[in-house]
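Trainee: Counting from 663, one number per residue, gives the positions in the sequence shown under our numbering.
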Amino acid sequence: MKRTKGDALPLKESQVKNFAPPPEAAEAKLFDANTALVLRANRSQKDATKITKHWLHRHIVDGKKRYAPIGTYPKMSIAQAREASKNWMPTEKTSATAALTTSTPAKGYAAMSFGDVVDTYIAKTRKPSTTKTWLNIAETYLTSEELRKRPAPSITPADAWQIIETARTKRMVREKAPRGVRGQIIGEIPKKPTPGVAEKLFSLLHAAFASALAQPAADEKIYINPFGRIRDHDVYEQEVTNRKTDEPRALTLTEIPKVWCNLNKPHGHGTPVAARALMLMLVTGQRPTEVASLRRSEILPPDEDGDRWWRIPPEKIKTCKMTKKNKWSPHFVYLSPLALRIIGDGDGDIVFPSRNTHGEITAYDAHSLISLINKPREGRVAKEKWVGAFEAWSPNDLRKTVQTTLELTLKCPAEISAAMLNHDIRTKIRKIYTVITDDTYRFDKKEWFTRWAEWLEQHIGREHTTTIRNEDPPKYDIETLTRLVADGLSNRAIAEQFGAVSETAIRMLRKKYGIAPLKERRAPRKVARVEN
C-alpha cells in the first residue's frame, strides 16, 4: 500500500534497527500506526556515529503534544514498548505540569488566588531562560503574602495599576541575609522611575491572567483581565509605552579609529579587561552579555583547516530558537586573527575576569561597560568624553556599527550579516545552525568575518591593531614626582608635566606615598620685652 503524507505505518524490527537521524540533524522521530508509541533517535554531538534510541508515549497536555519516556531500544522490543505505551499512566517521573493536568482537573479561575495565577503561568513556560527571568521578577516585586492570597477575580484594574506603579517608582528594602538567600522585605523607598521594570512586570501579569482566563469557568461567569484595562491608561502610555529611549546608532567611519585607539592605548579608557571586551564586540559584532561572559572552553579546537570557532551556548543567546528537532540551537562565530589576539592566552577559563564584592573571580559585568562609556566626566582631564566619539553611544551600538559598515561599505548581503550577528529577523533564510558543518553559511561567515577584520586593521592602522592592550605599564614615576614637588611646583603644574592626569590624582598620589615639600627650618623670632 502506498503511504500518503501524514499517514503512519506499523513499525517493523528492521525499520527500527536501521532508523537514524539525517546527517544534518541531531534528532528524528518515528511514529507507530494506531498507537501513541514514538521512537526517537538522537545523534551524539561528540561522536556522530553514535545513535541512541528511546521509546516515548505521546499524549496531550493543555492542547499541546507531550512525550513521556517509557524505555530504550534494543533493551525494550517493539511489542514491549507498545504494551507499555498502552498501559502508560502519569508517575512521579512525569513532568509536574503533565501529572497535575492528567490526574486532577484544572482549578477554575474563580477558585484561583493571585499567587496561583502567576505560579501556574511560570510553571508552564517552556524556555529555561524565560522561566528564570519571570521567577526573578516575581520574587522581587510580587512578594506580598496578602496580595498573593487575594482571590484572582477580586483584582480590579485599579489594583493592577497600583502593582505596576509600585514596581516603577519604589524599591523594596530587604533585611540582611546570608549570601544566596533573599532577605525578607521590611519596607519600600522611592526610587528613580524605571519604566523598563514596569513593562516587564506588566507583560508577565497580563499573560498570566490571560492564560488563567483561557480555562473554562466552573461558575460560567464572564471575567475580565484586570491588566488588559490599564494598557490604555494615560499615565501608562506616557511613562511606560511611549517613554523616550535612545535609538541605536552606528559609529561613523571617523569615530571607529578614535574609539579603538582610546581603548587600546596604555592607560586608555577603563581597565585593559573592559577595553578588550569592547574591542572584541567591534570585531565579532556579538552581544555585550555574550562577549563579557566568554569562556575559553567555548572556543572550539582548530578544525581541519586550522580555523577557530566560538560556539555560543544556547542559554546565553537572547534570540535562542528551537530547531525542528526540538533542540536549542547554538551560534557559531568565526574568530579572525585579530579576534584571537584580543582574546589572548590566559590560565583561567574566563577570558574577561573581574572580582565581585566578595573578592571572587567572575566574568565581567556587561552593564559596567555602559557607565564606562557614558559616565559624566565634568571637571576631568584624564579621559575624553564618549571614548572619543562625537556623541553618546552604548556597547550594543557596536553591533549596529558592524552591520551597517558590512552592508553599506563592504557590500555584504543582508542575510549573511544577519547570520553573522545572529539577528532575530523574519526572512526566508535558514537562521538556525544545528551543526557547524553547514558548508554554505560556514564559508560565508568565515569569509566576511575575515574581510571585516582586515578592513578594521586597514582603516584603524595596523600599528594600532598589532599590539593589544593587556596590561598597563606603571602610570607614574614616583622619583620624578618627588623631584617636581621638591622644586616647588604646584599640583596643577605637576599634572600638566605628567600629562593626561588630573590635579586630584596628583594630590591623592602624594598622600599615598607621603611626598611633602621640603621646608626650610626658620629661626625663632625674637620679641623685645617692654619693661614698665
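Quick reminder that beta carbons are idealized off the backbone N, C-alpha and C, glycines included.
(1) Within the stretch 706–752, note down every full alpha helix (DSSP H) run reaching 4 residues or more, in order along the chain.
(2) Assign residue 1065 to buried or exposed, taking buried as 16 or more other Cβ atoms, counted over all protein chains shown, within 10 Å of its Cβ.
(3) Curious, which full-length alpha helix (DSSP H) runs of at least 4 residues does the stretch 921–978 contain?
(4) Going by C-alpha distance, which of 1006, 923, 917 is nearest residue 956?
(5) How is the alpha helix (DSSP H) around residue 1082 delimited, first residue to last?
(6) How is the alpha helix (DSSP H) around residue 674 delimited, first residue to last?
(7) DSSP beta-bridge partners for residue 1175?
(8) Are the Cβ atoms of residue 1059 and residue 928 separated by less than 7 Å?
(9) With H, G and I counted as helix, E and B as strand and the rest as coil, what does DSSP make of residue 1157?
(10) Is residue 691 helix, strand or coil by DSSP?
(11) Distance, Cα to Cα, residue 1010 vs residue 959?
(12) Kindly list the residues whose CB is nearer than 6 Å to the CB of residue 822, restricted to its own chain and excluding five residues on each side of it in sequence; keep chain order.
(13) Count the other CB atoms, across all protein chains shown, that sit within 10 Å of the CB of residue 776; report buried if there are 16 or more and exposed otherwise.
(14) Here's the rule: buried if 16 or more other CB atoms are within 10 angstroms of the residue's CB, otherwise exposed. What is residue 1035?
(15) Give the DSSP-derived three-state secondary structure of residue 1089 in the structure shown.
(16) From residue 1169 to residue 934, what does the alpha carbon distance come to, in whole angstroms?
(17) With DSSP run on the structure shown, which of helix, strand or coil describes residue 701?
(18) Look at the alpha carbon of residue 831 and the alpha carbon of residue 916, and state the distance between them as a whole number of angstroms.
(19) When burial is assigned at 16 or more other CB atoms within 10 Å of the CB, is residue 1120 buried or exposed?
(20) Buried or exposed for residue 1051, going by 16 or more other Cβ atoms inside 10 Å?
(21) Taking Cβ positions, are residue 1049 and residue 931 nearer each other than 7 Å?
(22) Looking at the strands, I want to know which residues DSSP matches up with residue 996.
(23) Please work out which residues of its chain come closer than 7 Å, Cβ to Cβ, to residue 666, disregarding the five sequence neighbours upstream and downstream, and give them in chain order.
(24) Would you call residue 948 buried or exposed, if buried means 16 or more other Cβ atoms sit within 10 Å of its Cβ?
(25) Could you tell me which of 771, 1084, 871, 1015 sits nearest to residue 937, measuring between CA atoms?
(26) Below 8 Å on the Cβ atoms is my guess for residue 1123 versus residue 999; work out the distance and round it to an integer in Å.
(27) So, helix, strand or coil for residue 683, using DSSP?
(28) Do residue 964 and residue 970 have their beta-carbon atoms positioned less than 7 Å apart in this structure?
(29) Measure the C-alpha to C-alpha separation of residue 705 and residue 721 and round it to an integer number of angstroms.
(30) Residues in its own chain within less than 7 Å of residue 737 by CB, not counting five upstream and five downstream?
(31) Tell me which same chain residues have a C-beta within less than 8 Å of the C-beta of residue 870, skipping the five on either side of it?
(32) Using the Cα positions of residue 1177 and residue 1132, report the straight-line distance between them to the nearest angstrom.
(33) At the level of alpha carbons, what is the spacing between residue 940 and residue 1155?
(34) Compare the beta carbon distance of residue 833 and residue 853 with 7 Å and say whether it is the shorter of the two.
(35) Identify, in the order they occur along the chain, each residue of the same chain with its Cβ nearer than 7 Å to the Cβ of residue 1012, setting aside the five sequence neighbours on each side.
(36) How many whole angstroms separate the CB atoms of residue 688 and residue 713, which I take to be in contact at a CB cut-off of 8 Å?
Mentor: To lay it out plainly:
(1) The DSSP assignment places complete alpha helix (DSSP H) segments of no fewer than 4 residues inside the stretch 706–752 at 740–748, in order along the chain.
(2) Taking the first residue of the sequence shown as 1, we reach residue 1065 at position 403. Under the 10 Å beta carbon count, residue 1065 is surrounded by 16 or more other beta carbons and is classified as buried.
(3) For secondary structure counted as the alpha helix (DSSP H) over 4 or more consecutive residues, the stretch 921–978 holds these complete runs in sequence order: 934–946, 950–954.
(4) Position 294 of the sequence shown, counted from the start, is the residue given in the question as residue 956. Here the closest residue by C-alpha is 1006.
(5) Taking the sequence shown and counting its residues from 1, one reaches residue 1082 at position 420. The continuous alpha helix (DSSP H) containing residue 1082 extends over residues 1076–1083.
(6) By one-based count along the sequence shown, residue 674 stands at place 12. In the DSSP annotation of this structure, residue 674 is not part of any alpha helix (DSSP H), being labelled neither H nor E.
(7) Within the sequence shown, numbered from 1, the residue matching residue 1175 stands at position 513. Checking the DSSP bridge columns, you'll see residue 1175 has no partner listed.
(8) Looking up residue 1059 in the sequence shown gives position 397. Looking up residue 928 in the sequence shown gives position 266. No; because the gap between Cβ atoms is not below 7 Å, this pair is not in contact.
(9) Locating residue 1157 in the sequence shown gives position 495, where the first residue counts as 1. Of the three classes helix, strand and coil, the one that applies to residue 1157 here is helix, per DSSP.
(10) Walking along the sequence shown from the start, residue 691 turns up at place 29. Taken through DSSP and simplified to helix, strand or coil, residue 691 comes out as strand.
(11) Counting from one through the sequence shown, the residue named residue 1010 turns up at place 348. Counting from one through the sequence shown, the residue named residue 959 turns up at place 297. Computed Cα separation, rounded: 10 Å.
(12) Counting from 1 along the sequence shown, the entry for residue 822 is found at position 160. Counting only Cβ-Cβ distances below 6 Å, and skipping sequence neighbours, we find 888, 889, 892.
(13) Counted from its first residue, the sequence shown places residue 776 at position 114. Around the beta carbon of residue 776, a 10 Å sphere encloses 16 or more other beta carbons of the protein chains shown; the residue is thus reported as buried.
(14) In the sequence shown, counting from the first residue as 1, residue 1035 sits at position 373. With 16 or more other Cβ atoms within 10 Å, it is buried.
(15) Here residue 1089 refers to the residue found at position 427 of the sequence shown. Annotation note: pLDDT 40 at residue 1089 (below 50); position unreliable, coordinate value reported separately. DSSP places residue 1089 outside both helix and strand once states are collapsed to three, so it counts as coil.
(16) Looking up residue 1169 in the sequence shown gives position 507. Looking up residue 934 in the sequence shown gives position 272. Rounded to whole angstroms, residue 1169 and residue 934 show a C-alpha spacing of 25 Å.
(17) On the sequence shown, position 39 is the one that residue 701 refers to. Looking at residue 701 - three-state DSSP - the assignment turns out to be strand.
(18) Working through the sequence shown from its first residue, we reach residue 831 at position 169. Working through the sequence shown from its first residue, we reach residue 916 at position 254. So the two alpha carbons sit approximately 41 Å from each other.
(19) Against the sequence shown, residue 1120 aligns to sequence position 458. The residue in question, residue 1120, is exposed, as its Cβ has fewer than 16 Cβ neighbours within 10 Å.
(20) In the sequence shown, residue 1051 corresponds to position 389, counting from 1. Flag for residue 1051 reads buried.
(21) Translated into positions along the sequence shown, residue 1049 becomes position 387. Translated into positions along the sequence shown, residue 931 becomes position 269. Yes, they are a contact pair.
(22) In the sequence shown, the residue the question calls residue 996 occupies position 334. Per the DSSP secondary-structure output, residue 996 pairs in a beta bridge with 971.
(23) Working through the sequence shown from its first residue, we reach residue 666 at position 4. With a pLDDT of only 42 at residue 666, under 50, the local geometry of the prediction cannot be trusted, and the value read off the model is given with reservation. Taken in chain order, the list of residues that qualify is empty.
(24) For the purposes of this step, residue 948 is taken as the residue at position 286 of the sequence shown. In summary, residue 948 is buried, with 16 or more beta-carbon neighbours lying within 10 Å of its beta-carbon over all protein chains present.
(25) Locating residue 937 in the sequence shown gives position 275, counting from the first residue. Of the listed residues, the one whose Cα sits closest to residue 937 is 1015.
(26) As a working note, residue 1123 is residue 461 in the sequence shown. As a working note, residue 999 is residue 337 in the sequence shown. Residue 1123 to residue 999, Cβ: 16 Å. No contact.
(27) Translated into positions along the sequence shown, residue 683 becomes position 21. Three-state result, residue 683: coil.
(28) Locating residue 970 in the sequence shown gives position 308, counting from the first residue. Locating residue 964 in the sequence shown gives position 302, counting from the first residue. Yes, the pair counts as a contact, with Cβ atoms nearer than the cut-off.
(29) The residue you call residue 705 lines up with position 43 of the sequence shown. The residue you call residue 721 lines up with position 59 of the sequence shown. In this structure, the alpha-carbon of residue 705 lies about 24 Å from that of residue 721.
(30) Indexing the sequence shown from 1 puts residue 737 at position 75. Closer than 7 Å at Cβ, skipping near neighbours: no residue.
(31) Here residue 870 refers to the residue found at position 208 of the sequence shown. These residues qualify, in order along the chain: 779, 780, 782, 783, 784.
(32) As a working mapping, residue 1177 is identified with position 515 in the sequence shown. As a working mapping, residue 1132 is identified with position 470 in the sequence shown. Cα-Cα distance, rounded: 30 Å.
(33) For the purposes of this step, residue 940 is identified with residue 278 of the sequence shown, where counting begins at 1. For the purposes of this step, residue 1155 is identified with residue 493 of the sequence shown, where counting begins at 1. Those two C-alpha atoms are separated by around 34 Å.
(34) For the purposes of this step, residue 833 is taken as the residue at position 171 of the sequence shown. For the purposes of this step, residue 853 is taken as the residue at position 191 of the sequence shown. Yes.
(35) Counted from its first residue, the sequence shown places residue 1012 at position 350. Around residue 1012: 957, 1023, 1025.
(36) Here residue 688 refers to the residue found at position 26 when the sequence shown is read from its first residue. Here residue 713 refers to the residue found at position 51 when the sequence shown is read from its first residue. That belief does not hold up - the Cβ atoms of residue 688 and residue 713 are roughly 11 Å apart, past 8 Å.
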